[in-house]
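Undergrad: Numbering-wise, the sequence shown is residues 223 to 419 according to the numbering used here.
Beta carbons: idealized from backbone N, C-alpha and C, even for Gly.
Input: one structure, supplied below.
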Amino acid sequence: MLRIVVCVSGGGTNLQAIIDSIDSGKLEDVEIVRVISNNPNAYALERAKNAGIEGVCISPKSFENREAFNEAFLEGLKEANPDLIVLAGFLVVIPLNVIETYRGKIINIHPSLIPSFCGTGFYGLKVHEEALKRGVKITGATVHFVDEGTDTGPIIMQKAVEVKEGDTPKILQQRVMEEAEWIILPESIGKIAKEKK
Ligand code: GRF
Numbered sequence: 223m224l225r226i227v228v229c230v231s232g233g234g235t236n237l238q239a240i241i242d243s244i245d246s247g248k249l250e251d252v253e254i255v256r257v258i259s260n261n262p263n264a265y266a267l268e269r270a271k272n273a274g275i276e277g278v279c280i281s282p283k284s285f286e287n288r289e290a291f292n293e294a295f296l297e298g299l300k301e302a303n304p305d306l307i308v309l310a311g312f313l314v315v316i317p318l319n320v321i322e323t324y325r326g327k328i329i330n331i332h333p334s335l336i337p338s339f340c341g342t343g344f345y346g347l348k349v350h351e352e353a354l355k356r357g358v359k360i361t362g363a364t365v366h367f368v369d370e371g372t373d374t375g376p377i378i379m380q381k382a383v384e385v386k387e388g389d390t391p392k393i394l395q396q397r398v399m400e401e402a403e404w405i406i407l408p409e410s411i412g413k414i415a416k417e418k419k
């Protein structure tokens with residue numbers, strides 16, 4: 223059984239895709255043992271609760287400095303004893319202590335075909351705004367391992383999505399989530415679970 227902790231900040235649609243893949247039997251030998259959010263109001267925490275999964279909020283705002291948050295975040299991960307940490311729309315920079323403790327065991331979903339439209343400042347709608355501004359005909363999503371950089375770790379899986387006439391950033395974001403993110407994130411976790419066997 224692959225024990226995973228999912229880190230979230232917002233709506234949690236990627237978390238929901240993992241939950242649904244486990245429930246449907248599509249994703250085998252995987253258990254979400256904890257959901258950690260930096261945002262107390264994240265709907266992702268509601269999704270965890272509805273699925274009977276422990277949700278924990280560890281917010282930088284609750285600590286007097288970043289050092290203290292980094293320690294608490296590492297502790298919150300260690301308590302769950304994960305085999306894999308999944309960043310699913312998580313907007314916190316992963317501290318070095320976590321990278322070092324879980325090197326090679328942290329993955330992230332990014333809403334573009336890395337190395338395009340990624341790096342510092344490229345998250346959420348901004349990614350799709352830039353893709354539309356550049357006029358690309360194909361975009362997509364990437365699952366990659368997390369290292370010290372931003373969106374720089376080894377790529378695990380990618381899926382292309384067509385950009386259509388009249389797309390707005392919101393419409394494109396939704397298509398990339400539906401046609402790519404929600405498919406390749408569970409598939410990547412399944413691939414890692416199989417390799418662990
Ligand atoms: C979305 O922009 C998604 O593309 C990116 O994180 C954001 C929130 O995703 N991965 P979620 O609905 O919280 O999973």
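What are the boundary residues of the beta strand (DSSP E) that includes V252?
TA: Counting from 1 along the sequence shown, the entry for residue 252 is found at position 30. V252 to S259 is the extent of the beta strand (DSSP E) around V252.
Undergrad: So with Cβ pairs under 8 Å, would you call L267 a contact of chain B?
TA: Reference to chain B is not applicable here, since this structure consists of a single protein chain.
Undergrad: Using only the heavy atoms of the ligand GRF, determine whether one of them is closer than 7 Å to the beta carbon of I331.
TA: By one-based count along the sequence shown, residue 331 stands at place 109. True, at least one ligand heavy atom lies under 7 Å from that Cβ.
Undergrad: Cβ-heavy atom distance between E310 and the ligand GRF below 7 Å?
TA: By one-based count along the sequence shown, residue 310 stands at place 88. Note on identity: in this sequence residue 310 is Ala, with Glu being the wrong assignment. At least one heavy atom of the ligand GRF is nearer than 7 Å to the Cβ of A310, so yes.
Undergrad: Would you mind listing the beta strand (DSSP E) stretches within the segment 258-315 that are 3+ residues and don't spill past its ends, in chain order?
TA: 277-279 and 306-309
Undergrad: Buried or exposed: A382, going by 16 or more other Cβ atoms within 10 Å of its Cβ?
TA: What you label residue 382 is simply residue 160 of the sequence shown in a count that begins at 1. Flag for A382 reads exposed.
Undergrad: When we look at the beta-carbon of M399 and count the other beta-carbons within 10 Å, is it buried (16 or more) or exposed?
TA: Against the sequence shown, residue 399 aligns to sequence position 177. Buried is the call here.
Undergrad: By Cβ distance, which residues of its chain are closer than 6 Å to A294, with the 5 residues on each side in sequence left out?
TA: Within the sequence shown, the letter at position 72 stands for residue 294. Taken in chain order, the residues that qualify are I280.
Undergrad: Would N236 be called buried (16 or more neighbouring beta carbons within 10 Å of its own) or exposed?
TA: Counting from one through the sequence shown, the residue named residue 236 turns up at place 14. Label assigned to N236: buried.
Undergrad: Would you mind reading off the limits of the alpha helix (DSSP H) that contains R397?
TA: As a working note, residue 397 is residue 175 in the sequence shown. That run of the alpha helix (DSSP H) goes P391 to V398.
Undergrad: Note down the Cα distance separating S214 from C340, rounded to an integer number of angstroms.
TA: This structure gives no information on residue 214, because the portion of the chain shown stretches from 223 to 419.
Undergrad: Considering only the beta carbon of each residue, do D389 and I321 sit closer than 8 Å?
TA: Walking along the sequence shown from the start, residue 389 turns up at place 167. Walking along the sequence shown from the start, residue 321 turns up at place 99. No, the Cβ-Cβ distance between D389 and I321 is not below 8 Å.
Undergrad: Select from A264, D305 and K248 the residue whose C-alpha is nearest the C-alpha of P189.
TA: There is no way to answer for residue 189, as the model of the chain reaches only from 223 to 419.
Undergrad: Pull up the CB-CB distance for V385 and I360, whole angstroms please, since I reckon it's below 8 Å.
TA: Reading the sequence shown from its first residue, position 163 is the one you call residue 385. Reading the sequence shown from its first residue, position 138 is the one you call residue 360. Contact flag correct, Cβ pair sits at about 7 Å.
Undergrad: Under a Cβ-count criterion, where at least 16 other Cβ atoms within 10 Å of its own Cβ denotes burial, should A290 be classed as buried or exposed?
TA: Residue mapping note: residue 290 aligns to position 68 of the sequence shown, counting from 1. With fewer than 16 other Cβ atoms within 10 Å, it is exposed.
Undergrad: Determine the direct distance from the alpha carbon of K418 to that of G311, and round the result to whole angstroms.
TA: As a first step, residue 311 is located in the sequence shown; it is residue number 89 there, counting from the start. As a first step, residue 418 is located in the sequence shown; it is residue number 196 there, counting from the start. Straight-line Cα distance between these residues: approximately 25 Å.
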